[in-house]
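What follows is a set of notes on a single structure, which appears directly below.
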Amino acid sequence: MCGDSLHTDILGAAAQGWKTVLVTNDGLFSGFDTQSYSEESGIFANWRLDRRYP
Numbered sequence: 279m280c281g282d283s284l285h286t287d288i289l290g291a292a293a294q295g296w297k298t299v300l301v302t303n304d305g306l307f308s309g310f311d312t313q314s315y316s317e318e319s320g321i322f323a324n325w326r327l328d329r330r331y332p
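Numbering (my numbering), first residue to last: 279 to 332.
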């Protein structure tokens, strides 16, 4: 599952046993340090993707 929210996209997909990708430079977390949010919440994606625009 690919998403931009730890508490909905990533948490929900992980609960289903799916692998997860957190998009870090778009949507909800745009401009924020996603690692600190993961550490505080205890929710970790399998991968983090920093989306770059041309």
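Ideal Cβ placement from N, Cα and C applies to all residues, glycine included.
### Task
Could you tell me the distance, in whole angstroms, from the CA atom of M279 to the CA atom of E317?
20 Å
### Message
Just list the residues that DSSP pairs G281 with in beta bridges.
### Response
L300
### Task
Would you give the residue range spanned by the beta strand (DSSP E) that L306 belongs to?
Element bounds for L306: n/a, residue is neither H nor E.
### Query
CA-CA distance, D282 and W325?
12 Å
### Message
According to DSSP, L327 sits in a beta bridge with which residue or residues?
### Response
V301
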